[in-house]
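Below: one structure, written as structure tokens.
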Amino acid sequence: MRRLLLLSSLILVACDRLGGCPMQFERFNGADHAVARIEGKPLIEISSPERLRDIAAFAQKHSSWWHVPWYGTPVARLDLEIYAGGKFLGDLGIGTSFLTAQGCDDFQSRGVGAADREALIALIGVGDPYR
1182 MRRLLLLSSL ILVACDRLGG CPMQFERFNG ADHAVARIEG KPLIEISSPE RLRDIAAFAQ
1242 KHSSWWHVPW YGTPVARLDL EIYAGGKFLG DLGIGTSFLT AQGCDDFQSR GVGAADREAL
1302 IALIGVGDPY R
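The structure is reproduced here in structure tokens:
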């Protein structure tokens, strides 16, 4: 049993060090609107091509180091659902110090610095839901 736990731990560390799940956020480039939700409730809809491009660029800049933590993926209070017409392209959740998204057949997360987190919240155009 100890060997299994040790092996599992080593695999998790190795995956994290190799960059984790590549999120393929390039799919956000085709977005024509996004819906920001706080705790599942729609807050605003974004349809500005410039803001959508900036959000896609932010996501692509943060496309590495995604993983499923051993304790489970945290739940973000602020979530941005991204669409092209009626087609769901993906989502980006913003937590206190983490991002979440769907990818690699699971819900993934990664850390995010305070400045990048604040920049994304400003791009979305809402107040910080954790304050």
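With my numbering applied, the sequence shown closes on residue 1312, and no number is skipped along the way. Backbone N, C-alpha and C define an ideal beta-carbon position, used for all residues, glycine too.
Proximity below 8 Å, CB of residue 1295 to CB of residue 1274: no
Span of the beta strand (DSSP E), counted from its first residue to its last, around residue 1223: Segment 1222-1227, the beta strand (DSSP E) holding residue 1223.
Distance between residue 1247 and residue 1305 (C-alpha atoms, nearest Å): 21 Å
Limits of the beta strand (DSSP E) - the one that residue 1218 falls within: 1214-1219
C-alpha gap between residue 1224 and residue 1216, whole angstroms: When the Cα atoms are used, residue 1224 and residue 1216 turn out to be separated by approximately 7 Å.
Close-in-space but distant-in-sequence residues of the same chain around residue 1262 (CB under 6 Å, 5 per side omitted): 1216, 1272
Residue 1279: first and last residue of the uninterrupted beta strand (DSSP E) it sits in: 1279-1284
Own chain residues within Cβ distance below 8 Å of residue 1205, not counting five before or after: 1244, 1284
Option in 1264, 1287, 1265, 1259 with minimal Cα separation from residue 1276: 1259
Simplified DSSP state of residue 1309, which is helix, strand or coil: coil
Residue from 1213, 1312, 1201 with nearest C-alpha to residue 1268: 1213
DSSP-derived helix/strand/coil call for residue 1257: coil
When 1209, 1297, 1266, 1312 are compared against residue 1233, the one with the closest alpha-carbon: 1209
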